[in-house]
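Beneath this line is the structure, given in structure tokens, with notes to follow.
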Ligand code: SF4
């Protein structure tokens, strides 16, 4: 996927797979407590390689071309440094923030059962959220807009772990929230907050705005 001298590849990794590998390497010069981010998913079977790029299902940099075209050839991007990828080094640098996804919601579904009768038998289900996908990158703001009752609050509550998703994944700092222990989840919730629409029930008017934005 990428070839070059050790020094060049370690100093200037370019292929999304190499970038992913380096994110999971512990470093002495990084702040204590930094979480190692694994590459999600599994490599494809070697006896059934896809016609497209083998890293496609796990790549966060993919573009439309990657979905349609066969696996690209190795291309020399610098003397002696070759990469097998459709995304150019400039685009990779521009998209490098994709490494900094704070929150990833993938195909989230939250269905509530409708129970009836003496035996509380499930007779139907309400699809409050049905296949929602979005990313929130660090230091970015995302607005989720929709009519009343469309499931915005349910999405928020599911992210906080107040509702258990029926399907889909919620990744916070690259970690699947569904796989976290209750103790780890309590730690994670310290980094999240639900701010209600009525500012007086969410914010203290005696505090400065800056305090809430930090
Ligand atoms: S070719 Fe596309 S899918 Fe493959 S590594 Fe590059 S950006 Fe990702």
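Residue numbers (this note's numbering): 4 to 217.
Glycine included, each C-beta is placed from N, C-alpha and C at the ideal position.
Predicted model only: the values in this text are computed from it and were never measured.
Fill in: Environment of residue 203 [buried if 16+ CB atoms lie within 10 Å]
Here the question's residue 203 lines up with position 200 in the chain shown. Exposed, by the Cβ-count rule.
Worksheet item: Where does residue 181 fall in DSSP's three states?
Response: By 1-based counting over the chain shown, the position of residue 181 is 178. Of the three classes helix, strand and coil, the one that applies to residue 181 here is helix, per DSSP.
Discussion item. Can you give me the C-alpha to C-alpha distance between residue 122 and residue 116, rounded to a whole angstrom?
Written reply: What you label residue 122 is simply residue 119 of the chain shown in a count that begins at 1. What you label residue 116 is simply residue 113 of the chain shown in a count that begins at 1. Straight-line Cα distance between these residues: approximately 14 Å.
Worksheet item: If residue 5 sits next to residue 86, beta carbons under 8 Å apart, how far is it from one beta carbon to the other, in whole angstroms?
Response: The residue given as residue 5 occupies position 2 in the chain shown. The residue given as residue 86 occupies position 83 in the chain shown. So it is a contact: roughly 5 Å between Cβ atoms.
Worksheet item: According to the Cβ coordinates, are residue 80 and residue 17 closer than 9 Å?
Response: Here residue 80 refers to the residue found at position 77 when the chain shown is read from its first residue. Here residue 17 refers to the residue found at position 14 when the chain shown is read from its first residue. Against a cut-off of 9 Å, the Cβ pair of residue 17 and residue 80 comes out as a contact.
Worksheet item: Which partner residues of residue 130 appear in the DSSP bridge assignment?
Response: Position 127 of the chain shown, counted from the start, is the residue given in the question as residue 130. Paired residues: 114.
Discussion item. Quick check on residue 131: buried or exposed, where buried means 16 or more other Cβ atoms within 10 Å of its Cβ?
Written reply: Walking along the chain shown from the start, residue 131 turns up at place 128. Label assigned to residue 131: buried.
Item to complete: Could you please give the first and the last residue of the uninterrupted alpha helix (DSSP H) stretch that includes residue 22?
Response: Here residue 22 refers to the residue found at position 19 when the chain shown is read from its first residue. Its alpha helix (DSSP H) spans residues 19 to 26.
Item to complete: Compare the C-alpha of residue 144 against each of 104, 191 and 70 and name the closest.
Response: If you number the chain shown from 1, residue 144 lands on position 141. Considering only alpha carbons, the answer is 104.
Item to complete: Figure out for me which residue from 108, 146 and 152 has the closest Cα to the Cα of residue 129.
Response: Position 126 of the chain shown, counting from 1, holds the residue named residue 129. Its Cα nearest to that of residue 129, the residue 152 stands out among 108, 146 and 152.
Fill in: Sheet register partners of residue 85 (DSSP bridge)
The residue labelled residue 85 in the question sits at position 82 within the chain shown. Beta-bridge partners assigned by DSSP to residue 85: 6 and 79.
Worksheet item: In three-state terms, what does DSSP make of residue 42?
Response: Along the chain shown, read from residue 1 onward, the residue named residue 42 stands at position 39. Residue 42 falls in the coil class under three-state DSSP.
Discussion item. Does the structure place the segment 165 to 179 close enough to the segment 35 to 49 that three or more beta carbon pairs sit under 8 Å?
Written reply: When C-beta atoms of the segment 35 to 49 are compared with those of the segment 165 to 179, three or more pairs fall below 8 Å, so the two segments count as touching.
Discussion item. In the DSSP output, what is residue 174 paired with across the bridge?
Written reply: In the chain shown, residue 174 corresponds to position 171, counting from 1. DSSP lists 107 and 179 as the beta-bridge partner residues of residue 174.
Worksheet item: Relative to the alpha-carbon of residue 75, which residue among 56, 62 and 61 has its alpha-carbon at the smallest distance?
Response: Within the chain shown, numbered from 1, the residue matching residue 75 stands at position 72. The candidate whose alpha carbon is nearest that of residue 75 is 56.
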